[in-house]
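Residue numbers (the working numbering): 4 to 178.
Quick notes on the structure that follows.
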């Protein structure tokens, strides 16, 4: 297992940060606020946000070093690949243990979410592994046919669902 934190394991562009902030989920602890989203990449990535309110530059750099170190050691504990943004909270730098505890909290939250999603997927499948159909869904699938609605000239046809009947392009019903 490679324990180094490689450059490709960091969120670096503003576009990456914006995407995580827009579509991600959040978790706040006393020391850090995490925003994360699932990633299709082979590895998780970390982005850091430490504002000037956290202290002078040497304080901010210390916070970033500690957060990177915690991520580097715990990145293989994540239950999948994620893009994670860590936003430092509180005045000054916390010790490394506060950041480790915050990251452990994040890992537990991600594991619970993954288990919950897995249970939900299992509940939606029958004994053979095929997706379950509800009674309403079976009736809709059996009684519905795809038909074209009437439309004004020059507009593309619209697809509609008509139970037990086909509506022709001119709007006439046939049984």
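Cβ coordinates follow ideal geometry from the N, Cα and C atoms, glycine included.
Kindly indicate the opening and closing residues of the beta strand (DSSP E) around residue i.
| i | result |
| --- | --- |
| residue 50 | 48-52 |
Hey, would you say residue i sits closer than 8 angstroms to residue j, going by beta carbons?
| i | j | result |
| --- | --- | --- |
| residue 1 | residue 12 | No information on residue 1 is available, as it lies outside the stretch 4 to 178 that the chain covers here. |
| residue 30 | residue 37 | yes |
| residue 2 | residue 14 | Nothing in the structure corresponds to residue 2, since the chain is present only between 4 and 178. |
| residue 126 | residue 82 | no |
| residue 50 | residue 110 | no |
| residue 28 | residue 39 | yes |
| residue 32 | residue 108 | yes |
| residue 34 | residue 101 | yes |
Roughly how far, in whole angstroms, is the beta-carbon of residue i from the beta-carbon of residue j, given that I think they are within contact range, below 8 angstroms?
| i | j | result |
| --- | --- | --- |
| residue 57 | residue 63 | 5 angstroms |
| residue 73 | residue 106 | 5 angstroms |
Only counting the same chain, and skipping five residues up and downstream in sequence, which positions put a Cβ closer than 6 angstroms to that of residue i?
| i | result |
| --- | --- |
| residue 120 | none |
| residue 18 | none |
| residue 75 | 8 |
| residue 144 | Here the model assigns residue 144 a pLDDT of 43, short of 50, so the residue's position is not dependable, and the following value carries that caveat. Contacts found: none. |
| residue 44 | 84 |
| residue 103 | 73 |
Just reading off the alpha helix (DSSP H) that residue i is part of, what are its end residues?
| i | result |
| --- | --- |
| residue 102 | 99-126 |
| residue 59 | No alpha helix (DSSP H) contains residue 59, which DSSP labels as neither H nor E. |
What residues match up with residue i in a beta bridge as DSSP calls it?
| i | result |
| --- | --- |
| residue 36 | 31, 90 |
| residue 85 | 41 |
| residue 1 | As shown, the chain starts at 4 and ends at 178. That puts residue 1 outside it, with no answer to give. |
Below 7 angstroms CB to CB, which residues in the same chain sit around residue i once its five sequence neighbours on both sides are set aside?
| i | result |
| --- | --- |
| residue 117 | 82, 83 |
| residue 53 | 63, 66, 67, 91 |
| residue 41 | 83, 85 |
| residue 112 | 30 |
| residue 93 | 33, 34 |
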